[in-house]
Amino acid sequence: AVVAKPVINWYSFSLYADNYANYYKYWFPGYPWENQEHFMARSPISLVGHVRTPTMLITGEVDYRTPIAETEQFYGALQLQGVESVMVRIPESGHGIAGRPSYLVSKVAHILAWFDRHP
204 AVVAKPVINW
214 YSFSLYADNY
224 ANYYKYWFPG
234 YPWENQEHFM
244 ARSPISLVGH
254 VRTPTMLITG
264 EVDYRTPIAE
274 TEQFYGALQL
284 QGVESVMVRI
294 PESGHGIAGR
304 PSYLVSKVAH
314 ILAWFDRHP
């Protein structure tokens, strides 16, 4: 599996992503601390214990829309439970990883190499 610029934890995402003051208003019923169960039920991190599939996570290092900390949370959890995983950090890249042709080439090359190893 390959995941690019993921939202892993809606609770944390709604507090520090670039548009944090709006996410909870339009997508959730109130603040995360008032509705923890609602936020976490929709967060992939709450299901990470079931993951066995080798997983690559890709995020730009300066992505303010889905901050790299989201990727780091899932990667750390996968590592803790021994799931083969790799975290690819695209240097100087924001949310639109393809902002420069070299970033797009890097992203595609990593994905192709991953699927060559995991058909």
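Quick note: the sequence shown uses our numbering, first residue 204, plus one each step. Just so you know, even glycine gets a beta-carbon here, dropped at the ideal spot from N, CA and C.
Which same chain residues, not among the five before or five after Arg-292, have their C-beta less than 7 Å away from its C-beta?
-> Counting only Cβ-Cβ distances below 7 Å, and skipping sequence neighbours, we find Thr-262, Glu-264 and Ile-271.
Beta carbon of Asn-238, beta carbon of Phe-231: below 8 Å?
-> Cβ atoms of Asn-238 and Phe-231: closer than 8 Å.
What's the call for Leu-260, buried or exposed, on a 16-neighbour Cβ count within 10 Å?
-> So Leu-260 ends up on the buried side.
How big is the Cα-Cα spacing for Asn-212 and Trp-317?
-> If you take the alpha carbons of Asn-212 and Trp-317, they lie about 24 Å apart.
Sort Ile-314, Ser-246 and Ala-280 by Cα distance to Gly-252 and report the nearest one.
-> Closest in C-alpha terms to Gly-252, from the list Ile-314, Ser-246 and Ala-280, comes Ala-280.
Answer with buried or exposed for Glu-240, where buried requires no fewer than 16 other C-beta atoms within 10 angstroms of its C-beta.
-> Exposed is the call here.
Taking 8 Å as the cut-off, decide whether the C-beta atoms of Pro-235 and Pro-209 are in contact.
-> It is not a contact, given that the beta carbons lie outside the stated cut-off.
Would you please state the rounded distance, in angstroms, between the beta carbons of Ser-217 and Tyr-226? I believe it to be under 8 Å.
-> Rounded to the nearest angstrom, the Cβ distance from Ser-217 to Tyr-226 is 5 Å, consistent with a contact under 8 Å.
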